[in-house]
Structure formats: structure tokens, C-alpha cells
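These notes concern the structure reproduced below.
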Amino acid sequence: MTIRAVFFDYGGVIQRTEFQSPRQKLAERFRLEYEDMDKIVFDSPTAKQATVGEIPAEKHWEAVARRLKVGRDEIAEVEREFFAGDVVDHSIVKYLRSLRPRFKVGLISNAWSDMRDYLIRRKLDEIFDTLSISAEIGAAKPGADIYLHALEQAQVGAEAAVFVDDMPANIKACEMLGMKGILFNDPQEAMGRLKNLLGA
182 MTIRAVFFDY GGVIQRTEFQ SPRQKLAERF RLEYEDMDKI VFDSPTAKQA
232 TVGEIPAEKH WEAVARRLKV GRDEIAEVER EFFAGDVVDH SIVKYLRSLR
282 PRFKVGLISN AWSDMRDYLI RRKLDEIFDT LSISAEIGAA KPGADIYLHA
332 LEQAQVGAEA AVFVDDMPAN IKACEMLGMK GILFNDPQEA MGRLKNLLGA
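The sequence shown begins at 182 in my numbering and counts up by one.
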């Protein structure tokens, strides 16, 4: 069946951690390993709660502050430093803009309650027809519900959709529903595969 909708993950695909040094310095400041700093922010109990909207993002960052033993007034700076090495891939953004209106373009992201505001501030919401953000719908990848939500929003069947994500489990999950999946490891390779699939 002809592809009618293209869905993208955000973190690790559209925006990637290209420079590790800011996060490394932050870890060293708190006498932690880089991986431990990552786990505190992304893989703690409150991070998982925030991902499915059980708590707002600010409550998670308060928990991070307690873990790092810093005051609430300092945690905003910690957050800025943590993400300072992240870079938006503007070539992907440009390509996604070029797909509309021939294709529906959607986001499927495991993200916290502040994601939509972040996209709006960066004017990145404008590249998408639909936004499926896990914290807003109470369901996260690789669970089926977030994909079904995205397909319903775009008003397309699974067989008419393709999803680009950097996590193998998320690709496997979308393919089990009948979507086509493209694993994002190397940007040029993944985008080449997508362009071939779309006939562009």
C-alpha cells in the first residue's frame, strides 16, 4: 500500500546529543559517571512516571535535585547544562517540511509534559501535522497504544505509515502493528532508506 504518513521520534533522531562534554562535566561536578548522570535523568522512577504523565516534568526535576542534593533554584541550570550538547538536525527538519502536504507528518515521542511547549518555543511544532507525546496520552513506546493514537490522529491505517526511531524495540513494536519501520543509526543511511521508500 502507498505510504501516506511519516512518523518520527524526536530525541536521538531529530535532536541528538552530539557533544558529550557538557554532560560529562556535569557528571564530574557531582562525582558521578556519565552513565549514572544519564540514568538519574532518564531512567529513574520519576523519569518513568513523567514519561507516561503520572507526574509533571517539574516534579521529576525536583526529584533529580534531591538526588543531586541541589536546591530548586539550581536545578534549572543543571537541566540546561545536561542538554547543552544536544543539537537539532536541521537537515531532517527541512526534509520533513518538504514532505507536507503530500504526506501527513507526525511525531511519536516518549517525552515529558513540557515537550509540547518546548517544540512550540523552538517553532518545531510547525513541521508536524500531529503530535503523539507519551506524557499527554498516558502511553509510551514500545506499547501499542501510542502508535494507535498517532495513526488515529493522522487518519491512516498502519500499512500506510512509516516510523523512524533509534530504538530497535520501538521499531519492532510498530512493525508488529503493520507499520513500516526504519531504525535510525546512521543519519544518512536512515534518511536514504526513507527517501527510497517514499520514492523521493
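For glycine and all other residues, C-beta sits at the position ideal for the given N, C-alpha and C. Here the structure is a predicted model, which means the values were calculated and not measured.
- A Cβ-Cβ contact shorter than 8 Å links L312 with R297.
- Per the C-alpha coordinates, the member of G252, P282, R210, K322 positioned closest to F263 is R210.
- For R197, the secondary structure class from DSSP, reduced to helix, strand or coil, is strand.
- For L364, no alpha helix (DSSP H) segment is defined; the enclosing uninterrupted segment is the beta strand (DSSP E) at 361 to 364.
- By the neighbour-count definition (other C-beta atoms within 10 Å, threshold 16), M218 is a buried residue.
- Looking at the backbone, the Cα of A244 and that of K220 are separated by about 13 Å.
- Under DSSP, the beta-bridge partners assigned to I289 are S313.
- A direct Cα-to-Cα measurement between A246 and A350 gives close to 30 Å.
- A distance below 8 Å separates the beta carbons of V274 and L305.
- Shown here, F189 sits in a strand according to DSSP, grouped into three states.
- Our two residues, F344 and H271, have alpha carbons roughly 19 Å apart in a direct line.
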